[in-house]
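See structure below.
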């Protein structure tokens, strides 16, 4: 096995493109190093992208925010502008693992690990974030929801590396929120995750909404019916109930050591309701 | 035993204070050395190959390719171990568990081990060992294993304790029965009867330090073992018995231990490391991974328990009955029996009957876990007691007080009680402000009692007084929770010297006589007794030395307040001699001054606790949080109260984890699904509130200071206390531990329809 | 004379008696005499029994004296954590 | 596998070592540098016993490659005391009996130190959530939280 620490993205993508097999990108390493503990794991090449200029930066642009692929989650909550703009994304990223994990893990890593239960991914999808991908053929952008294709699988081609997550500049009176359910208060993988991003019109009704769920399907779900349940409402009980039903119905989870199908479907609705209430309150304050 | 252990109601100077622990600085600076923190020259790294099957016959093991890997120095399988198949049953089980001989009995069962120069060579070799398995049907659930059509794990197991003896083998290894009176007659007198079935899932001790050892066997039959253990003398005996070594030639040194809770009372990897070292001719270091610890060390039993209790309308229990089924892993043991003994121990019952069934299953060999078997039995019994109180319309504390066991009560497991502390813990609970504090929305309060036996056992200590008058106490019970501080206090108390003048060390097996393990809440109880005895023997020596120094008859010298004093008018004007004074002259009065003690510290007595907790339940998600928790327990005499509180708090926290989230989860393939701290969910810091403690001191008549064991009982009440609190919060009786959110939500939904 | 109560598992080894009366002043003498009467008890007596004397459990100390009229029970030697 | 030469700063000292590309920082600290105060409780980032501070952030050293230490500034438990003068957290852990077996203690101290550097006056809840990645099986956390509170008060100059 080789460990490389390229200084440029071109070198990094070239290394990944040139690798024979079992090449891995290392940013925070909080998933990769766990996998490396397993006797079955084999790697030929590890490309550490943390030395690449700009990868550790959060940049505010006219269009929004660019979050470099090597920015640890803990740094997101230290950026006041980002917290103000996308509190749901930040709270989701800050729910990944412990303080120790927060010091290392990245939202791009969370995305590329492609766990259906990734905490930051539903929030990014609800926020309509995009991934900026560099590869041997140049750079491209895709919607976050299109990166994971199933458990442990992503749509990146050989040699491609996600450089950054792009978060749009939120519209006025817009806010997001993320909630997940875990059995303990910390340290668990989400049993269900729900993110809601919504905008209010001048009259206080919801003018736009995106609702995304985690851990209830092979990959993150963007639930259109749930958004429709919210749009045009003042988040009255009927809207909340319709939201919860839409989320429960959209969920297609599995039974496993963390939860049952029945449980996940029901709690998806509960969390979506609560996240919507938080987002609604936040949007009203913006 | 010449030592008089009778309680003497004396005034204490040191005992009962809270000095800094002597190993504190080492432990906060990273200098303390645990199992994995020791190395030997030329040491090899060991790795163990484990069965991926829950139950499989081992038809053959081919290690030839693995042996060819460069850097591999030894590979062992059961063929390299003595064959104890027809020998002592308990020893066979221990050895077979360390290295499977005929069959792999559970997912994770060791089948081969490699010693190599480094981790990567060992890992490469493991992959090249070819094991030819014939996969057999398996069973992991306790009730399923008792069914007539269950796969039989061991066709030499015929249920013991039933008449007539069965003619067919089964997975029920043993039936045990306890009780007295006539339960049928008792139930006939009852106005109200509660009858319910309960289940608890398998929990692990969850010590943070994985098992680790360094073994070094020499060609001349001598060997050294550095290991984290709760009992290095027991490990020495086990390893010697299993490998055919001479016990006195095997020197075992206990490292600092990173938690045990019963799980380090049993050898797992140590005989394997010794066998590898013997074969390789080099030292071998073996550290189990966290995954191996969960799959292949010794968790506690999973259980299925039926309880029936009847009472009159005025609150007197007329009869109590329980049937308890406990898994023991693949080898017969006595875990159900312990559950059957402890279930109703807090109560004064005219008619009581408990029956235990010991059930073998394809899970790891069960080991002791803090008051082993008692928490599950208490969960079932105390849940039923609570339900019965509610049906009668009595306060749960009052109902328990009305039926509580006291001195003279015949216990449910047989003997009549001496002075015991259950009544006072209930009185203290009744008076505790927690009991009357208002509850918030969605909150429920629960309480429960718990009982555990304490042990004494074989104990040996050496107390050496240096020329400057400072003292070393060498003990053979491993310090798992601060006992060196407690024992230093005891020495200071007996000799009348400063705590800071005492250093307590844990001696290895070659420098001290045999000691039983630190288990059964015996560490401080028994070693304090031996330490008091050793100190008194040293005082006797110092009286003799004072007689020589003063040149007066021994009988004119008495010991008081840390000094030799001359008695009577003839010599009484002499200035008393301190320990330092006498020690300074030791060279000229007969040589080094020491006190030794070898004794059996029986008479530990039994231990009781009452816990109170408040739980808040989120009825939409089934999530529950402990918002307040109080432990009330009898310590006899708290030697170092801070570490007594620590035992109470730690036991409660472990019980809370077990009650709410911890469980072994097996797939249909019989493989453990959650062998890690990510999904085997022990409580984290943010899960718990502060845990309040109240130490009661009802002296143990069989200890000079009145000390009782305090280590284990605190894990007994929490399962029931939490289940009672959750049941009160949601208005539904919860009968399956852990009370995980999916279980609570499912119960709430079922109640709606 | 002491009356010794046997736990259920021991009874088949002792002519199905639940109580045995022996003349013994301490635990060792009691166990020795019981074993002489019921040789089948030899195996459990090697490391598997404890003796409760007036409610106090003795696992190891066979020198414990048995007071006249004491309640004496054989119980299983227990494991602890 | 060719070894990698790494130059880094550990507890204010310049340290150079060779390691394998797949070797963790924890293994380097323990097996190559003799800094065995960091413990391996799980190897998967779930217990915090291996906590170390890297460039000011507390991390699990089992989830960092040794090779990544190049050019970094690392603090371990061995560097926490100033010679014989214990850090207030270390002293308070002993005074409050905040350790029983002690295997988790170095990790807790590292994490608590990192906490008090960013938040000198944390609430009980903030302490509990910050330390949620450090498992302790002995104490039930009560005395640990009290020790951190007391150390924080002392470090703020409030009489302890």
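Residue numbers (full-length UniProt numbering), protein chains in the order written: chain A, 1 to 286; chain B, 1 to 753; chain C, 1 to 81; chain D, 1 to 160. Ideal placement from N, C-alpha and C gives every residue a C-beta, glycine not left out.
### Query
So is residue 49 of chain C in contact with chain B if we call contact Cβ pairs under 8 Å?
With 8 Å as the cut-off, residue 49 of chain C does not count as an interface residue toward chain B.
### Message
For residue 503 of chain B, list the residues DSSP reports as bridge partners.
### Response
B:472
### Query
To which residues does DSSP link residue 330 of chain B through a beta bridge?
Note: residue 330 of chain B sits in a beta bridge opposite B:328.
### Task
Anything in the region 505-524 of chain B with a Cβ closer than 9 Å to a Cβ of chain C? List those residues in chain order, please.
Cβ contacts with chain C: 516, 517, 519, 520, 521 and 522.
### Message
Any beta carbon from chain A within less than 8 Å of residue 51 of chain D's own beta carbon?
### Response
yes
### Task
Give the single residue among D:156, D:148, D:20 and D:24 whose Cα lies nearest to the Cα of residue 92 of chain D.
D:148
### Query
Residues in its own chain within less than 6 Å of residue 368 of chain B by CB, not counting five upstream and five downstream?
Cβ within range, chain order: 262 and 265.
### Query
Ordered along the chain, which non-local residues of its own chain (more than five positions away) have a Cβ less than 7 Å from that of residue 201 of chain B?
Counting only residues of its own chain and dropping the five nearest sequence neighbours on each side, residue 201 of chain B has a CB closer than 7 Å to the CB of 302, 663, 664, 737 and 738.
#### Entry: Collapsed DSSP secondary structure at residue 179 of chain B in the structure displayed
strand
### Message
Can you give me the C-alpha to C-alpha distance between residue 64 of chain A and residue 213 of chain A, rounded to a whole angstrom?
### Response
23 Å
### Query
Does any CB atom of chain A fall closer than 8 Å to the CB of residue 466 of chain B?
By the rule that beta-carbons nearer than 8 Å mark a contact, residue 466 of chain B does not touch chain A.
### Query
What's the C-alpha gap between residue 631 of chain B and residue 324 of chain B?
If you take the alpha carbons of residue 631 of chain B and residue 324 of chain B, they lie about 26 Å apart.
### Close Cβ partners of residue 584 of chain B (< 8 Å) along its chain, the five nearest in sequence each way excluded
Cβ neighbours of residue 584 of chain B beyond the five flanking positions: 467, 468 and 469.
#### Entry: chain D contact residues for residue 36 of chain A, given Cβ-Cβ distances below 7 Å
22
#### Entry: Contact list for the region 193-213 of chain B against chain D, Cβ threshold 8 Å
205, 206, 207, 208, 209 and 210
### Query
Tell me which same chain residues have a C-beta within less than 8 Å of the C-beta of residue 119 of chain A, skipping the five on either side of it?
Cβ-Cβ distances below 8 Å link residue 119 of chain A to 92, 93, 95, 96, 110, 178, 180, 190, 193 and 214 in the same chain, with the five nearest sequence neighbours on each side left out; the list follows chain order.
### Message
Using a 10 Å radius around the Cβ and a threshold of 16 neighbouring Cβ atoms, would you call residue 12 of chain B buried or exposed?
### Response
exposed
### Query
Mind checking residue 7 of chain A: buried by the 16 CB within 10 Å criterion, or exposed?
exposed
### Query
From residue 498 of chain B to residue 547 of chain B, what does the alpha carbon distance come to, in whole angstroms?
Residue 547 of chain B has its alpha-carbon roughly 24 Å from the corresponding atom of residue 498 of chain B.
### Message
Between residue 130 of chain B and chain A, is any beta-carbon pair separated by less than 8 Å?
### Response
no
#### Entry: With 16 other Cβ atoms within 10 Å as the buried cut-off, status of residue 274 of chain B
buried
### Sequence-distant residues of the same chain with beta carbon closer than 6 Å to residue 505 of chain B, five excluded per side
474
### Task
Report the three-state DSSP secondary structure of residue 30 of chain B (helix, strand or coil).
coil
### Task
Could you check if residue 8 of chain B is buried or exposed, using at least 16 other CB atoms within 10 Å of its CB as the buried criterion?
With fewer than 16 Cβ atoms within 10 Å of its Cβ, residue 8 of chain B is classed as exposed.
### Query
Can you list the residues of chain C that residue 702 of chain B reaches, using a CB-CB cut of under 7 Å?
Listed by position along chain C, the residues whose Cβ is nearer than 7 Å to that of residue 702 of chain B are 56.
### Query
Considering residue 566 of chain B, what are the terminal residues of the beta strand (DSSP E) in which it resides?
Element bounds for residue 566 of chain B: 563-566.
### Alpha-carbon to alpha-carbon, residue 447 of chain B and residue 472 of chain B
44 Å
### Query
To which residues does DSSP link residue 197 of chain B through a beta bridge?
The partner list for residue 197 of chain B (beta bridge, DSSP) reads B:306.
### Query
In chain order, what residues of the same chain have a beta carbon less than 6 Å from the beta carbon of residue 651 of chain B, not counting five sequence neighbours either side?
For residue 651 of chain B, same chain residues with a beta-carbon under 6 Å away, outside a window of 5 residues either side, are 714 and 715 in chain order.
### Task
State yes or no: is the beta carbon of residue 257 of chain A nearer than 8 Å to at least one beta carbon in chain B?
When Cβ-Cβ separations below 8 Å define contact, residue 257 of chain A makes contact with chain B.
### Query
Taking the continuous alpha helix (DSSP H) assigned at residue 209 of chain B, which residues delimit it?
From DSSP, residue 209 of chain B is part of no alpha helix (DSSP H); its letter is neither H nor E.
### Query
Taking the alpha-carbon positions, what's the residue 45 of chain B to residue 81 of chain B distance?
When rounded, the distance between both Cα atoms is 19 Å.
### Query
Is it right to say residue 289 of chain B is buried, meaning 16 or more other beta carbons lie within 10 angstroms of its own, or is it exposed?
buried
### Message
For residue 626 of chain B and residue 689 of chain B, I'd like the C-alpha separation in whole angstroms.
### Response
Going by C-alpha positions, residue 626 of chain B is about 7 Å away from residue 689 of chain B.
### Query
residue 78 of chain C CB to nearest chain B CB: under 8 Å?
Yes, residue 78 of chain C lies at the interface with chain B (some Cβ there is under 8 Å from its Cβ).
### Query
Just to confirm, are residue 640 of chain B and residue 47 of chain B a CB contact at a threshold of 8 Å?
Contact: no.
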